[in-house]
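Protein chains in written order, with UniProt numbering: chain A, 1 to 433; chain B, 1 to 433.
Laid out in structure tokens, this is it:
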């Protein structure tokens, strides 16, 4: 529709054609209103029954809610209309009638279970507050990519069909690949590392990852969108700087460019992340958790942070924070240990007060140490030969991290369930749509 | 390395630390040079043997090619050096030694088969002309996304694990998903259509697609990166406008921002796409193919364009061009037919003179026609209920298209094999790295 005008751009005095969904019809007797909704908002269409063509009135007021119509006519100021303007229609065309029985009410007046919403995502996304979540998600991705380019990263795409998983055989979905066994990749980890050994040096990727985790919780997904970063010639401290930079860029961009969306979601006072993220060592973190008195069992060195511990620490700190220098044995083989204390790794996590967001660290770039690390974790280095052998030809020191965009959306917007941050989530029960 | 300087930024008079790979060592007797390479270029490091610390000379000149080193010292002008400057080292550290035997020569002096190159992508990407391809690819993605945002598109991510394929059971990789049969998605087609029926209206996605095609040719991949566009309230003509716009934006951005990379690849006269792409109907296209006299067998109405026909037409036209109004029976069920001639569809292809790039069209948005289309193509509409049922609740007229970024890179840069445009290609024989 070459000449279609968005409702938000219809100005008094214009002759326009608008098109969208029938949000509501209010019939007051001699006068009636059709509220038409499109991606940009809503506009009132006025029907003065006695003064207008009978067929036009009949079609316009007889159409069912959520049908798609286009309306042509003059835009006039009307202070009593919801947006201050209204259209007096000269013509109206029904482009796609809707069944009067809808499986979900897009006006949001009737609450729906998350499961019904996900089964009917098309209708669910006609609610402007749901639309707002996904517009904010898109803005986060845009801002993060822009930040990556500012710090000299090249965008890469690594394969999603792989012969071996990043961390061995667990949590992988098997594929039949022309008669061979293969898997859907659980992380670009090994591939992005191979690229920092090339002239690209510093790379990012935003793409899907697949984890056959049995969890079915409000914060886990079996398919997620991962933001991955990896760079040669930096250590874990500099990797944390870049990580903090991307998140701050995302919050800043959302604050600047998504005011309307934030307002719909109840954030009239959304604040960018101005403060530096505190960086605690793992040792400091467990001491601080124990000092809160909020955990049933005191943590001892070597324990992972439980959900309960994360919650206690998050409430105590009240902002994003890093935890560094984790025990080596709870970090994967590709994380480098401190040379002067092999029990201590150069891995880090970035935590939001509600949950873990990021895993990262300085990587082991020395061939012998890397192969020894595989063996320590019970993995067969031969299976990863395509990866390890490149470490024999000049692999620079490097560091990186990854976070799922869904958890960023979820924590930024205070969503209860991570499924609200994904158009078509995949979990143990849900494979369709 | 907080204070590392890229070689391209080392200016005479600076004291710098540079880090990278040992590209070459030239020993002339009393004087010797180490050429150090990083992501931005190369720099000469000078060793005057009699005037410098013996250990420093021994380490610097004893290191094997492709080892990773960092060098600190003063930058001086030196007209005879390849970049006009050189470093006199005060210290040199070997960060990662390389085996003297390399499986691939990153200097490019020794040719390698594509298969050896792909087995050793890390080393292959130390050639600056290979690096250039992937920097251009990243710039194409950046420019296309920017264009999409300029025309009001929202970025979406649709699932890659699905219960049914877009076009039925063929060419799908099966997955075991928690004991259920599932597939890797061959296209976001159905999901992006579901989104144009929501308030998002106009969407794009750049992500992986998976096709279990048996082809093993220089232009087919089993995993590719697809650029998908779909919009409500437009027809196929407007979809072609957006398609042409994205490609022109990509060429323009590469012309403006990748001069050095183009030059490395031999394109000193790279031209953006300024002319409008001709739009031929299918009927005009087959007539024109037949008139070239370059095809063994004359085409008749209903034939698909063979590789031979595409080649003849491409040479005749000599630029990108669209072919519109294809026979309905060779287009998929979701493409709308002309109401006044159901044998003729509103599908289109965008062709580069060398090959097909894009498939697109006006979609069928009317529920009854859509379900009839499924049946005509021998598909069971019940299996696609999650998709078809949304067409009963107000699905606007819409159109869209998709193209693989690899084919754009391949045709833009005149690459012989599509595998040169993918970091880690997947084909019938290749599953690793």
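Beta carbons: idealized from backbone N, C-alpha and C, even for Gly.
Small disclaimer: the values here were computed from a predicted structure and weren't measured.
For the 8 angstroms CB-CB criterion, residue 144 (chain A) and residue 227 (chain A) form a contact. Residue 311 (chain A) has its alpha-carbon roughly 24 angstroms from the corresponding atom of residue 245 (chain A). Nearest in C-alpha terms to residue 280 (chain A), of all of A:322, A:248 and A:121, is A:322. Listed along chain A is no residue with a C-beta nearer than 9 angstroms to that of residue 49 (chain B); the closest approach is about 25 angstroms. Contact holds between the segment 29 to 46 of chain A and the segment 62 to 76 of chain A, because three or more Cβ pairs, one in each stretch, are under 8 angstroms apart. The beta carbon of residue 5 (chain B) lies closer than 6 angstroms to those of 16 and 18 in the same chain, with the five residues before and after it left out.
One Cα belongs to residue 430 (chain A), the other to residue 114 (chain A), and the distance between them is close to 12 angstroms.
For residue 274 (chain A), no beta strand (DSSP E) segment is defined, and its DSSP state is neither H nor E.
For the segment 123 to 169 of chain B, not one full-length beta strand (DSSP E) segment reaches 3 residues or more. Under DSSP, residue 36 (chain A) forms a beta bridge with A:22 and A:43.
Proximity of the segment 378 to 398 of chain A to the segment 77 to 97 of chain A falls short of the contact definition, fewer than three beta-carbon pairs being nearer than 8 angstroms.
In this structure, residue 89 (chain B) and residue 45 (chain B) form a Cβ contact; the two beta carbons are roughly 6 angstroms apart against a cut-off of 8 angstroms. Contacts with chain A at 8 angstroms (Cβ-Cβ) do not include residue 23 (chain B). DSSP links residue 335 (chain B) through a beta bridge to B:363. Here residue 112 (chain B) carries a coil assignment [DSSP, helix/strand/coil]. In its chain, beyond the 5 residues on either side, 194 and 197 have a beta carbon closer than 8 angstroms to the beta carbon of residue 390 (chain B). By the neighbour-count criterion, in which 16 or more other beta carbons inside 10 Å mark a residue as buried, residue 91 (chain B) falls on the exposed side.
DSSP places residue 347 (chain A) within a strand segment (E or B) once states are collapsed to three. Taking 9 angstroms as the cut-off between beta carbons, the residues of the segment 3 to 15 of chain B near chain A are 4 and 6, in sequence order. Under the DSSP assignment, residue 289 (chain B) falls in the alpha helix (DSSP H) whose first and last residues are 282 to 292. Cα atoms of residue 335 (chain B) and residue 370 (chain B): separation of roughly 9 angstroms, rounded to the nearest angstrom. Interface with chain B (8 angstroms Cβ-Cβ cutoff): residue 100 (chain A) is excluded. As far as DSSP is concerned, residue 386 (chain A) takes part in no beta bridge. Taking the Cβ atoms as the reference, residue 125 (chain B) lies roughly 6 angstroms from residue 200 (chain A), within the contact range of under 8 angstroms. For residue 317 (chain A), the enclosing alpha helix (DSSP H) has its first and last residue at 307 to 317. For residue 76 (chain B), the enclosing beta strand (DSSP E) begins and ends at 68 to 77. For residue 241 (chain B), the enclosing alpha helix (DSSP H) covers residues 236 to 257.
The criterion of a C-beta distance shorter than 8 angstroms is satisfied by residue 360 (chain A) and residue 239 (chain A). The secondary-structure analysis by DSSP pairs residue 208 (chain A) across a beta bridge with A:225. Checking the DSSP bridge columns, you'll see residue 231 (chain B) partnered with B:202 and B:399.
Contact check between the segment 177 to 185 of chain B and the segment 8 to 15 of chain B: fewer than three CB pairs, one atom from each, fall below 8 angstroms, which does not count as touching. In summary, residue 301 (chain A) is exposed, with fewer than 16 beta-carbon neighbours lying within 10 Å of its beta-carbon over all protein chains present. Contact with chain A is found for residue 201 (chain B), since one of that chain's Cβ atoms lies less than 8 angstroms from the residue's Cβ.
Assignment of residue 279 (chain B) by DSSP, reduced to helix, strand and coil, places it in the strand class.
Exposed is the label assigned to residue 79 (chain B), since fewer than 16 other Cβ atoms lie within 10 Å of its Cβ. The straight-line gap separating the alpha-carbon atoms of residue 318 (chain A) and residue 129 (chain A) is approximately 26 angstroms.
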